[in-house]
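2 protein chains.
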Amino acid sequence: MKRVEILAIGKEILKGQTLDTNSHWLARRLTALGAYVGRIAVPDDDPEAIARELKRSLEDGAQVVITTGGMGPTFDDKTLEGVAWAFELSLEVHPWALEFVRGRYREFYQKGFVDSPDLTPEREKMARLPTGAEPLENPVGAAPVVMLEAEGAVIFCLPGVPREMRPAFEEVVLPRLKEILGVGVYLEEEVDTGLKDESALAQRIEKVMKKVPGVYLKSKPTRFGTDVRLKVVLSAAGPDEAEVRRRMAEAKDLLSVLLSSP
Amino acid sequence: MKRVEILAIGKEILKGQTLDTNSHWLARRLTALGAYVGRIAVPDDDPEAIARELKRSLEDGAQVVITTGGMGPTFDDKTLEGVAWAFELSLEVHPWALEFVRGRYREFYQKGFVDSPDLTPEREKMARLPTGAEPLENPVGAAPVVMLEAEGAVIFCLPGVPREMRPAFEEVVLPRLKEILGVGVYLEEEVDTGLKDESALAQRIEKVMKKVPGVYLKSKPTRFGTDVRLKVVLSAAGPDEAEVRRRMAEAKDLLSVLLSSP
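As you go down the protein sequences, you meet chains A and B in turn.
To convert, note that position 144 of the first sequence is 333 in the numbering used here; the numbers rise steadily by one, no gaps.
To convert, note that position 248 of the second sequence is 437 in the numbering used here; the numbers rise steadily by one, no gaps.
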């Protein structure tokens with residue numbers, strides 16, 4: 190089992206302004222991928238604190254570190270500075286990242302989300318990456334996801350807003366992560382629930398994931414003409430196929446019991 | 190400002206089975222007490238991992254460390270072992286703690302919560318404290334709160350169940366913490382909201398704490414005959430009286446604006 194650690198970066202968590210749901214979501218997602226989440230840490234918006242926590246993760250033997258937050262344009266977004274600090278790298282504007290940021294702001298301007306499409310220094314900052322880091326697409330927001338290989342580990346830096354973080358993980362990190370984790374088997378199954386009420390289903394899904402943390406469940410509304418039917422997609426991964434199948438079966442059994450009770 | 194760090198101990202958080210609301214609640218509470226929450230970390234149920242994280246907190250210069258979780262009778266409750274490991278202390282049955290645990294299980298047995306009042310080895314474990322540690326009352330549960338002074342810092346170990354952790358903090362840790370933090374001023378004010386619906390009030394309280402993290406708000410239902418009226422208690426602390434009064438005024442103003450809008 191590969192060790193993964195999560196760093197949720199930001200003063201808003203340390204002040205109790207924001208409840209850190211990102212780490213919870215990632216922990217659940219990673220566990221179902223067969224990874225061992227060894228530690229979660231929340232450092233302040235300070236390059237030194239971020240670097241220190243990152244180095245501690247490598248000391249712990251983490252093969253993958255996922256950070257959330259601190260990727261935006263404001264003065265207190267310090268994640269990339271912290272990553273650079275940890276490995277004594279400099280920050281350089283990355284051409285692909287710069288084009289990505291520029292394109293996003295053009296788009297946001299056309300949609301009326303921002304007042305100007307200009308690449309201000311604050312916006313340009315999001316394209317200043319630690320030397321050797323690779324920018325990846327952010328499916329929703331303006332700040333590229335950043336991947337860096339250093340000292341035998343892979344670091345992924347994701348945005349902090351959950352509605353940006355989740356698709357960035359699913360669409361951009363997940364395919365790479367599966368390779369890194371060397372996931373032997375990845376199983377995915379769809380179950381028709383017979384339910385139409387998403388809130389009734391959400392409770393049952395929550396129960397299954399609490400009981401069987403090795404399987405990730407996601408509801409999937411499917412339309413048949415004007416009719417909506419809710420399906421559930423179950424996924425699980427790990428090196429040992431028999432063990433993954435056992436987890437899957439346990440989750441499916443529990444789900445079916447819960448679906449047949451009111 | 191004194192630096193406080195929070196360790197939320199437990200595999201259930203790392204597996205994504207439990208959302209760690211304790212750290213969020215403590216961070217909010219500590220910030221309103223004028224403390225600086227410098228870091229939150231989640232180690233696994235493993236004495237070595239707990240000890241490592243605790244030592245890292247002292248390296249960071251934390252004057253106070255608050256741990257939650259891992260205090261119960263089951264095999265994976267490892268917090269006290271981890272604390273002992275960090276400071277190379279042995280674990281010894283503490284007579285007062287043992288009487289406390291015994292008394293609680295007698296009480297639980299009389300209430301029908303448990304099948305036997307016996308002090309099994311598992312239950313006795315909750316009274317095995319690191320040498321020199323002081324047991325404190327747990328207002329709700331069976332595991333004593335534990336306080337230890339070591340290497341210039343004070344460590345408080347609290348239970349992990351939120352409905353035990355919160356009263357343990359308020360009733361047992363808070364009075365000691367105020368002394369340690371050297372809180373110059375502690376202000377508390379009551380505001381009559383005119384509201385009767387707790388859910389409508391909860392949303393407004395949440396907004397104020399998000400906006401003004403330096404003030405803690407708590408609703409307080411007050412009965413007048415058969416009539417219930419909701420009050421809010423605001424509290425804030427810090428070394429500088431003028432600054433604490435400013436925070437208080439900001440929170441009160443915002444609350445009154447929110448109370449006068451639907």
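We treat Cβ as the ideally placed atom computed from N, Cα and C, and that holds for glycine.
Since this is a predicted model, take the numbers as computed values, not measurements.
(request) Check whether the stretch 225 to 237 of chain B touches the stretch 424 to 442 of chain A, taking contact to mean three or more Cβ pairs, one atom from each stretch, closer than 8 Å. (result) The answer is no - the stretch 424 to 442 of chain A does not touch the stretch 225 to 237 of chain B, with fewer than three Cβ pairs under 8 Å.
(message) Quick check: the Cα distance between residue 304/B and residue 298/B, rounded to an integer number of angstroms?
(response) Residue 304/B and residue 298/B have their C-alpha atoms roughly 6 Å apart.
(message) Taking a contact to mean a Cβ-Cβ separation below 8 Å, would you say residue 271/B touches residue 349/B in this structure?
(response) Result no, Cβ atoms of residue 271/B and residue 349/B do not sit closer than 8 Å.
(message) Using beta carbons (cut-off 8 Å, strictly below), is residue 391/B in contact with chain A?
(response) Taking 8 Å as the CB threshold, residue 391/B stays off the interface with chain A.
(request) Return the residue from the list 308/B, 347/B and 430/B that minimises the CA-CA distance to residue 329/B. (result) Between residue 329/B and the set 308/B, 347/B and 430/B, the nearest pair of CA atoms involves 347/B.
(message) For residue 267/A, which residues in the same chain have their Cβ closer than 7 Å to its Cβ, ignoring the five residues on either side in sequence?
(response) Excluding five sequence positions before and after residue 267/A, the CB atoms of its chain that fall closer than 7 Å to its own CB belong to 234, 235, 236, 239 and 259, given in chain order.
(request) Could you tell me which residues DSSP puts in a beta bridge with residue 355/A? (result) The partner list for residue 355/A (beta bridge, DSSP) is empty, contrary to what the question assumes.
(request) Could you tell me which chain A residues have their CB closer than 8 Å to the CB of residue 351/B, listed as they occur along the chain? (result) Here the premise fails: no neighbours, minimum Cβ distance about 13 Å.
(request) In angstroms with no decimal places, state the Cα-to-Cα distance between residue 265/B and residue 217/B. (result) Inter-residue distance for residue 265/B and residue 217/B is about 28 Å (C-alpha atoms, whole angstroms).
(message) Taking 8 Å as the threshold (C-beta atoms), are residue 206/B and residue 284/A in contact?
(response) Cβ distance not < 8 Å, so residue 284/A and residue 206/B don't count as in contact.
(request) With distances taken Cα to Cα, identify the nearest neighbour of residue 277/A among 377/A, 197/A and 339/A. (result) Nearest Cα to residue 277/A within the set 377/A, 197/A and 339/A: 339/A.
(request) Could you run through the stretch 405 to 434 of chain B and flag, in chain order, every residue whose CB is less than 7 Å away from some CB of chain A? (result) Flagged: no residues at all.
(message) Just checking: is the beta-carbon of residue 210/B within a distance shorter than 8 Å of some beta-carbon in chain A?
(response) Output row for residue 210/B: interface = yes.
(message) Along the chain, where does the beta strand (DSSP E) containing residue 190/B start, and where does it finish?
(response) That residue, residue 190/B, is in no beta strand (DSSP E); it is neither H nor E in DSSP.
(request) Find the residues of chain B that neighbour residue 233/A, judging by a C-beta separation of less than 8 Å, and give them in chain order. (result) Within chain B, the residues near residue 233/A are 227 and 228.
(message) Taking 8 Å as the limit between beta carbons, can you name the residues of its chain near residue 443/B, skipping five residues before and five after?
(response) Result list for residue 443/B: 396, 397, 400 and 401, in chain order.
(message) To test your reading of the DSSP string, which unbroken alpha helix (DSSP H) runs of 4 or more residues are found completely within the stretch 332 to 411 of chain B?
(response) Qualifying alpha helix (DSSP H) stretches, in chain order: 351 to 356, 363 to 370 and 387 to 400.
(request) Output yes if chain A places a C-beta closer than 8 Å to the C-beta of residue 268/B; else output no. (result) No, no contact with chain A.
(message) I want to verify the contact list: residues of chain B whose CB lies under 9 Å from the CB of residue 220/A, in sequence order.
(response) Correct list: 203, 204, 205 and 206.
(request) Below 9 Å between beta carbons is the criterion; list the residues of the stretch 239 to 251 of chain B that meet it against any residue of chain A, in chain order. (result) Answer in chain order: 241, 242, 245, 248 and 249.
(request) May I ask you to report which of helix, strand or coil DSSP gives residue 292/A? (result) Three-state result, residue 292/A: helix.
(request) Determine the burial state of residue 245/A: buried for a count of at least 16 other Cβ atoms within 10 Å of its Cβ, exposed for fewer. (result) The residue in question, residue 245/A, is buried, as its Cβ has 16 or more Cβ neighbours within 10 Å.
(request) Using beta-carbon positions only, say whether residue 334/A and residue 290/A come within less than 8 Å of one another. (result) Going by C-beta atoms, residue 334/A is not nearer than 8 Å to residue 290/A.
(message) Against residue 136/B, what residues of chain A qualify as contacts under a CB-to-CB distance less than 9 Å, listed in chain order?
(response) Residue 136/B lies beyond the residue range present for chain B, which begins at 190 and ends at 451; the question has no answer from this structure.
(request) Let me know the secondary structure DSSP gives residue 446/A once reduced to three states. (result) Three-state result, residue 446/A: helix.
(request) Measuring only between beta-carbons, confirm whether residue 399/A sits less than 8 Å from chain D. (result) The chain inventory of the structure shown lacks chain D, comprising the protein chains A and B.
(message) So, does the stretch 219 to 233 of chain B touch the stretch 415 to 427 of chain A, judging by three or more C-beta pairs under 8 Å?
(response) By the Cβ test, the stretch 219 to 233 of chain B is not in contact with the stretch 415 to 427 of chain A, since fewer than three Cβ pairs between them sit closer than 8 Å.
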